[in-house]
Amino acid sequence: IFNGRPAQKGTTPWIAMLSHLNGQPFCGGSLLGTNWVLTAAHCLHHPLDPEDPTLHSSDLLGPSDFKIVMGKHWRRRSDEDEQHLSVRRVVLHPSYNPSTFENDLGLVELSESPRLNEFVMPICLPEHPSTEGTMVIVSGWGKQFLQRLPENLMEIEIPIVNYDTCQEAYAPLKKKVTKDMICAGEKEGGKDACAGDSGGPMMTKDQETNQWYLVGVVSWGEDCGKKDRYGVYSYIYPNKDWIQRVSGVRN
Amino acid sequence: HTVELNEMFGQIQSPGYPDSYPSDSEVTWNITVPEGFRIKLYFMHFNLESSYLCEYDYVKVETEDQVLATFCGRETTDTEQTPGQEVVLSPGSFMSVTFRSDFSNEERFTGFDAHYMAVDVDECKEREDEELSCDHYCHNYIGGYYCSCRFGYILHTDNRTCRVECSGNLFTQRTGTITSPDYPNPYPKSSECSYTIDLEEGFMVSLQFEDIFDIEDHPEVTCPYDYIKIKAGPKVWGPFCGETSPEPISTQSHSVQILFRSDNSGENRGWRLSYRAAGNECPKLQPPLFGKIEPSQAVYSFKDQALISCDTGYKVLKDSEIMDTFQIECLKDGTWSNKIPTCKIVDCGVPAGLKHGLVTFSTRNNLTTYKSEIRYSCQQPYYKMLHNVTGIYTCSAHGAWTNEVLKRSLPTCLPVCGLPKFSRKQISR
Chain S
606 IFNGRPAQKG TTPWIAMLSH LNGQPFCGGS LLGTNWVLTA AHCLHHPLDP
656 EDPTLHSSDL LGPSDFKIVM GKHWRRRSDE DEQHLSVRRV VLHPSYNPST
706 FENDLGLVEL SESPRLNEFV MPICLPEHPS TEGTMVIVSG WGKQFLQRLP
756 ENLMEIEIPI VNYDTCQEAY APLKKKVTKD MICAGEKEGG KDACAGDSGG
806 PMMTKDQETN QWYLVGVVSW GEDCGKKDRY GVYSYIYPNK DWIQRVSGVR
856 N
Chain D
9 HTVELNEMFG QIQSPGYPDS YPSDSEVTWN ITVPEGFRIK LYFMHFNLES
59 SYLCEYDYVK VETEDQVLAT FCGRETTDTE QTPGQEVVLS PGSFMSVTFR
109 SDFSNEERFT GFDAHYMAVD VDECKEREDE ELSCDHYCHN YIGGYYCSCR
159 FGYILHTDNR TCRVECSGNL FTQRTGTITS PDYPNPYPKS SECSYTIDLE
209 EGFMVSLQFE DIFDIEDHPE VTCPYDYIKI KAGPKVWGPF CGETSPEPIS
259 TQSHSVQILF RSDNSGENRG WRLSYRAAGN ECPKLQPPLF GKIEPSQAVY
309 SFKDQALISC DTGYKVLKDS EIMDTFQIEC LKDGTWSNKI PTCKIVDCGV
359 PAGLKHGLVT FSTRNNLTTY KSEIRYSCQQ PYYKMLHNVT GIYTCSAHGA
409 WTNEVLKRSL PTCLPVCGLP KFSRKQISR
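These protein sequence lines map, in sequence, to chains S and D.
Each residue of the first sequence is one higher than the one before, starting from 606 at the first, in my numbering.
Each residue of the second sequence is one higher than the one before, starting from 9 at the first, in my numbering.
Shown next as C-alpha cells:
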C-alpha cells in the first residue's frame, strides 16, 4: 500500500492473508460468510511460463498449496488471535482472462469455518452499484514506497474514479479497462495499492445500515502511486451473482 | 267320400260343378295346414237347394270340435244362411267341409265353388289367455311365434315365461335389506332365488319383514305355487305366502339361508325384509383422562370397535409405546381385546443444538412438554438469525418444537457481515 497509514487492529476483521505453507504471505482476500474467501484470480494462478498467458490448470494453485490466515494484523509476527485454515476448494471466475485481468476473481472454500470474533468477521456483499467519488478504503500487507514491506496491515482512503476517466488514462498504454473493473485513486497519484496487496479488499460503509461492504478486489495497475495511473480493481457488484451462486453467501 | 287336402291353398267344388250336383251324395274335404296357420274359406259361387235350417242339402264347415257354419239356399234368410262374401276362418290348422245333398231336388242347383288358403295365426295378438301368452315379449312369424324377455331375464324352459338368475346372493354386512327381484314391482316367474347372510360366528341374525308382503298363494293348499322359506342350521321357517307378513324371526344363528321360489304364473309384488346381526355385549367403556373414545355408544357388542384418542397435546401410551390412537374390539365372548390405554402429555424432548447459536428455556425447570417454550438465539454479535425470526419455539401437539414462521425447521445463524467491533473514524467526504 503506497502512502497508506497503519490500519487499526480489528477495523478490517474480514481481511484474509493468503500465505504459502512456509508462512510467506503472497496475497490478500476477504472473508465472505463463514467458509469462503474472495481474492484475485491472478493470486491463484502462477504460470510456469510468465510469457504464456493461457490458463493451464497445472498453473493453478491447489488447495494444499497454500493456507488462509484470519485475524491477522502483523505481517510476519504472529497475532494472538490468528487462525490458520486449510483450503478445501479453489474456484476461479469462469471468464478470468490472465492477459487482460478481466474477471480477476477467485473463490477459496475453507475446509473449516474460522471462529468469529472481534478480529474475524465477514464483510457484506454490495446491494447496489458504487458511484464515482465514493470514498473507499483499500488495505493490504503489500509493498510501500521504495519497495519496503510493512510490519502491519496498512490502508489508504481514496475516491472511486469515473470509468471513462480511468479508461482514457490507460488508453495510451493500450491497457483495456472493462466493465467488470472499477478504478480508484487520486489524479495526482500517491495513494495506491501495490504488489502484495492483490486480492485484498476495496470497501466502503453503507450509510443506511452502517455496514461495510466489498466494492472491489485489488487487481492491477501500472506501477504504484503514479500520476494518472489509477488503481484498477475487480468490480464486485456485476459479479455478485457468480459469487453467490458458487458460495451461497447472503448478506 | 272324403278327400284329404294338405296344401297351403286349394279349391273345392260340389260334384259336377258347374253343372248341377247329383242328389243323394256326400263329400267331405279334410283340410290340414301346418301348426301356426288357420284356414280361410270363401265361396266364389253358392247355389244349393234351400230348406228350413238346411235340413236337405247343405255345406257344413266344422273343426274337430265345433261347427263353424252351415250353408244352404241362394240367399240368407232368418232360417238359412248362404256364405255370400263371408269368409269362414278356422280357429286352428284343421277344417272339414262336408257337402251333402238329399235324395230329391225339385230343381237343378249348380252347387258351389269355394277356395281355401292357409292364413298365418298371429299368436301374439290372439293368445290372450295367461297360460299361453308370452311373459314379456311375443314375436310372431309366418307359421309360428316365439317369446323373448327383457334385459336381465332369462327365457324359461317353457319358452314362455321369463325368470331371473337370483341364486347365490351373499350378504356379509351386519345389517341389510333383502327384497324379491324387481320389488315392489311383480317378481319374475319361474325363478329360484337364494340369499345367504353369512357373518362371523358370534353374531346372531334376526329378520323382519317390512312394507309389502304379496306372494301368490292358494285358498286351500299351503303355498303350492310361490313361497319364501328361511333356514338357519337345522331350523326352517315357512314356507310363507299370501299377503300377511310373517312375524319377526330371531334365528340365533350367524348363517341364514333365504329361499324364494316362483312358478310360471301370477303377478304378485313380492316381499322385503331387513336383517340385523348382534353379538354378545361388552362392558361399558370409560375414556382415559385427557382422552376420548369414538364412536361413543351406550352399548358395544361383538365386533364393535372403539378408537381411543387423546386430547391435543397428549398421546396414547400403550405398553410404553407412544401412538396417536389405539383401537380395541369387542370379542365374541363379550370381553374387550385390550385394556383402555392412558394418555400421556406430549414431550418434545431436548431441543436440537443450533450451529453458532444457543437455546434457552422459558421455564425454570426446563420443561419440554406440550406448550412449553424455548428460545433459540445466535452467538451475537457475530451471528444473527436469518430473516429476523423470533427464535421462539413451542412444543406442539405433534411432539415437535415449532416456530410460527419456520415451523419445525431450525433457524439459521448467519454471520454478521461488515460490522467490526473496532470502528474506524468516519470516512472523509
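Just so it is clear, CB atoms sit at the ideal spot from N, CA and C, and this is done for glycine as well.
- Inter-residue distance for Leu665 (chain S) and Phe631 (chain S) is about 14 Å (C-alpha atoms, whole angstroms).
- Between Trp847 (chain S) and Asn757 (chain S), the C-beta gap is not smaller than 7 Å, which leaves the two residues out of contact.
- CA-to-CA, the gap between His395 (chain D) and Thr368 (chain D) works out to about 20 Å.
- In terms of Cβ geometry, Asn14 (chain D) and Thr40 (chain D) form a close pair [threshold 7 Å].
- Of the residues D:Asp130, D:Phe159 and D:Gly160, the one whose Cα lies closest to the Cα of Cys146 (chain D) is D:Asp130.
- Taking a Cβ-Cβ threshold of 8 Å, the residues of chain D close to Cys729 (chain S) are Cys425 and Gly426, in chain order.
- By the rule that beta-carbons nearer than 7 Å mark a contact, Pro699 (chain S) does not touch chain D.
- Look at Lys429 (chain D): its C-beta is under 7 Å from a C-beta on chain S.
- Under the 8 Å Cβ criterion, the segment 79-92 of chain D counts as touching the segment 50-69 of chain D, having at least three qualifying pairs.
- Contact between Pro611 (chain S) and Glu723 (chain S) does not hold, since the beta-carbon distance rounds to 18 Å and is not under 8 Å.
- Lys429 (chain D) and Thr639 (chain S) have their C-alpha atoms spaced approximately 17 Å apart.
- For Thr616 (chain S), the chain D residues whose Cβ falls inside 8 Å of its Cβ are Pro428, Phe430, Ser431 and Arg432, in order along the chain.
- For the pair Lys672 (chain S) and Val413 (chain D), the Cα-to-Cα distance works out to about 40 Å.
- Under the three-state reduction of DSSP, Cys132 (chain D) is assigned to helix.
- Leu215 (chain D) sits buried, since 16 or more C-beta atoms from the chains shown fall within 10 Å of its C-beta.
- In terms of CA proximity to Tyr701 (chain S), S:Ser839 leads the group S:Arg850, S:Ala774, S:Gly853 and S:Ser839.
- Residue pairing by DSSP places Cys351 (chain D) opposite D:Val324 in a beta bridge.
- Chain D places a beta carbon closer than 7 Å to that of Asn856 (chain S), counting this residue as a contact.
- Cβ-Cβ separation between Lys792 (chain S) and Asp833 (chain S): approximately 6 Å, consistent with a contact (criterion under 8 Å).
- A straight-line Cα-Cα distance of about 17 Å links Asn767 (chain S) and Ile742 (chain S).
- DSSP places Thr402 (chain D) inside the beta strand (DSSP E), whose first and last residues are Ile400 to Cys403.
- Asp222 (chain D) counts as buried, since at least 16 other C-beta atoms from the protein chains shown sit within 10 angstroms of its C-beta.
- Your pair Tyr50 (chain D) and Gly119 (chain D) does not check out as a contact, with CB atoms roughly 16 Å apart and the cut at 8 Å.
- When C-beta distances to chain D are compared with 9 Å, the residues of the segment 749-783 of chain S below that value are Glu760 and Glu762, in chain order.
- Contact with chain D is absent for Leu666 (chain S), since none of that chain's Cβ atoms lies less than 7 Å from the residue's Cβ.
- Minimum Cα-Cα distance from Leu366 (chain D) among the listed residues D:Cys386, D:Ser380, D:Trp245 and D:Lys379 corresponds to D:Cys386.
- In the structure shown, the three-state DSSP call for Pro232 (chain D) is coil.
- Counting the other CB atoms within 10 Å of its CB gives Ile620 (chain S) a total of 16 or more, which places it among the buried residues.
- At the C-beta level, Arg116 (chain D) and Ser28 (chain D) come within 7 Å of one another.
- Along the segment 643-687 of chain S, the beta strand (DSSP E) occurs as fully enclosed runs of 3 or more residues at 671-675, listed in sequence order.
- Sixteen is the threshold: since fewer than 16 other Cβ atoms of the shown chains lie within 10 Å of the Cβ of Ile150 (chain D), the residue is exposed.
- Secondary structure at His406 (chain D): coil, using DSSP grouped into helix, strand and coil.
- Comparing C-alpha distances from Ser669 (chain S) to each of S:Leu690, S:Gln849, S:Asp654 and S:Gly853 shows the shortest one belongs to S:Leu690.
- Here Ile266 (chain D) is bridged, per DSSP, to D:Tyr203 and D:Ile238.
- Using a Cβ-Cβ cut-off of 9 Å, Gln816 (chain S) is close to Val424, Cys425, Gly426 and Leu427 of chain D, given in chain order.
- Burial is judged here by how many other beta carbons sit within 10 angstroms of a residue's own beta carbon; Gly628 (chain S) has fewer than 16 and is exposed.
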